[in-house]
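In this text, residue positions in the sequence shown follow UniProt numbering: the first is 1, and each later residue adds one.
Glycine included, C-beta positions come from ideal geometry on N, C-alpha and C.
Note sheet for the following structure.
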Amino acid sequence: MPGTRRVTFDLPSSQSSPPAAVLPSPEPSVDELTSQISALRAELRDGRLTQARQRSQLNQEGAHIAELTRKYKDVKQERQEFKTKLVHERDAAAAIQKRLNVAVKNHAEAQDKCARTMVECEGLRMLNEDVSLMNKGLVVSRSEAVSEFEEKIAEMECAYRGKLEETETAFTHELEETREELTNEWVKKVQVLNKEIDNRDAKIKKLEHDFNRQCEINAMFTLDYDRDTNFTKHLSVPLSIPVPEASSGSRLTSGQLESTKSRLLSPRRPLTHLESNNVTTRKRSRVPSWRSDKDRLSAKADKFNPEHSVPTHISEYDSLDKSHKRTKLIYPSASAGKGQSHQRSKSSFTDLGSRH
1 MPGTRRVTFD LPSSQSSPPA AVLPSPEPSV DELTSQISAL RAELRDGRLT QARQRSQLNQ
61 EGAHIAELTR KYKDVKQERQ EFKTKLVHER DAAAAIQKRL NVAVKNHAEA QDKCARTMVE
121 CEGLRMLNED VSLMNKGLVV SRSEAVSEFE EKIAEMECAY RGKLEETETA FTHELEETRE
181 ELTNEWVKKV QVLNKEIDNR DAKIKKLEHD FNRQCEINAM FTLDYDRDTN FTKHLSVPLS
241 IPVPEASSGS RLTSGQLEST KSRLLSPRRP LTHLESNNVT TRKRSRVPSW RSDKDRLSAK
301 ADKFNPEHSV PTHISEYDSL DKSHKRTKLI YPSASAGKGQ SHQRSKSSFT DLGSRH
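Rendered as structure tokens:
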């Protein structure tokens with residue numbers, strides 16, 4: 001335990017001294033021994049009491065020392081806190097001193113500024129007095145100037161009123177003349193535009209007439225061309241095609257013969273483009289149709305029945321005549337469609353002329 005210390009007791013010298021030479025003595029009696037024992041017990045009890053008292057004193061002193069140690073630590077901690085607070089207070093005092101110095105400086109500057117402002121105010125007061133004196137004189141001169149200005153304005157109004165009336169009459173006269181001129185110009189322009197519209201309508205009608213005439217001429221040229229081509233085709237196609245025998249040793253096969261015969265017998269399709277007279281632009285690629293299939297069937301029949309070749313060619317001529325008749329029926333419908341488109345274009349031109 002902290003604060004405790006070892007305590008030693010000093011025994012009496014009679015006990016601690018070395019034993020002396022004991023002389024032979026007579027044996028003590030029982031009473032003497034009893035008294036000695038009681039005396040020793042009393043001394044032992046007194047020693048124990050003394051030891052307990054000293055121990056309690058030592059415990060009290062240790063507790064007191066521990067209390068003093070705790071108080072010392074608390075005081076030391078408080079002293080450290082006081083030191084830190086003192087440092088903070090010193091810093092705050094230094095900052096306050098700096099702010100105080102700045103405030104003193106600002107106060108001095110404000111005092112100087114106030115002094116200068118006082119001087120300026122005094123000068124302005126004196127200037128205000130001078131201005132008031134000048135205003136009194138200006139009021140008098142202003143009243144005089146206003147009266148003179150009103151008189152001059154009245155004179156100028158009288159002079160300009162006459163000029164204004166003259167100018168208004170001249171302006172109205174010029175305005176009427178300008179209106180008449182603009183009206184005449186507008187009427188002339190309308191007449192010119194009407195003439196232009198009539199000329200355009202006449203040109204459009206003439207162009208439509210020429211266009212219809214050209215379409216009819218193109219249709220006639222196309223019919224002549226188809227007739228010529230069909231006539232040359234009839235001349236080029238033989239009436240009968242001999243079928244070679246298998247024993248003749250020819251190199252052509254039956255498939256090649258059929259393809260050659262079908263290519264020779266396939267008729268030309270009628271042309272539907274009537275806008276151009278150029279032969280190269282009107283040529284179309286040959287497309288197989290139901291007539292070519294019919295020709296193939298007739299070719300097969302020719303192959304198996306060579307003696308009946310002439311009637312098949314006669315039926316071919318009949319089919320060509322029928323195709324001519326179909327062409328004649330198709331062309332008027334195409335020209336009618338073109339006439340409708342021309343009528344639509346004509347109506348658009350007439351609408352444009354009416355707008356103009």
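query                                                                                                                                                                      : result
Report the three-state DSSP secondary structure of Ser143 (helix, strand or coil).                                                                                         : helix
In this structure, does DSSP put Glu27 in helix, strand or coil?                                                                                                           : coil
Would Thr172 be called buried (16 or more neighbouring beta carbons within 10 Å of its own) or exposed?                                                                    : exposed
Does the Cβ of Asp226 have 16 or more other Cβ atoms within 10 Å, making it buried, or fewer, making it exposed?                                                           : buried
Rounded to whole angstroms, what is the Cα-Cα separation between Ala42 and Gln51?                                                                                          : 14 Å
Buried or exposed: which applies to Thr117, given that a residue is buried once 16 or more other Cβ atoms fall within 10 Å of its Cβ?                                      : exposed
What runs of the beta strand (DSSP E), each 3 residues or longer, lie entirely inside the stretch 205-229?                                                                 : none
So, is Thr222 buried or exposed, given that buried needs 16 or more other C-beta atoms within 10 angstroms?                                                                : buried
How big is the Cα-Cα spacing for Ala103 and Asn128?                                                                                                                        : 36 Å
Taking its Cβ as the centre, do 16 or more other Cβ atoms sit within 10 Å of Leu230, making it buried, or is it exposed?                                                   : The sequence given here places Asn at residue 230; Leu does not occur at that position. Buried, since its Cβ has 16 or more Cβ neighbours within 10 Å.
Have a look at Val192 and Ile204 and give me their C-alpha separation to the nearest angstrom.                                                                             : 18 Å
Could you check the C-alpha separation between Ser38 and Arg70 for me, to the nearest Å?                                                                                   : 47 Å
Within the same chain, show all residues whose beta-carbon is closer than 7 Å to that of Ser147, passing over the 5 residues directly before and after it, in chain order. : none
Exposed or buried, which one is Asn184 when buried takes at least 16 other CB atoms within 10 Å?                                                                           : exposed
When burial is assigned at 16 or more other CB atoms within 10 Å of the CB, is Asn135 buried or exposed?                                                                   : exposed
Using the rule of at least 16 other Cβ atoms within 10 Å of the residue's Cβ for burial, across every protein chain shown, is Asn218 buried or exposed?                    : buried
For Leu86 and Ala93, what's the separation of their Cα atoms in angstroms?                                                                                                 : 10 Å
Taking the straight line between their C-alpha atoms, what separation do you get for Lys152 and Glu144?                                                                    : 13 Å
Residues in the same chain with beta-carbon distance under 6 Å from Thr34, minus the five sequence neighbours each way, listed in chain order, please.                     : none
Alpha carbon to alpha carbon, how far is Ala202 from Cys215? Give it in angstroms, no decimals.                                                                            : 20 Å
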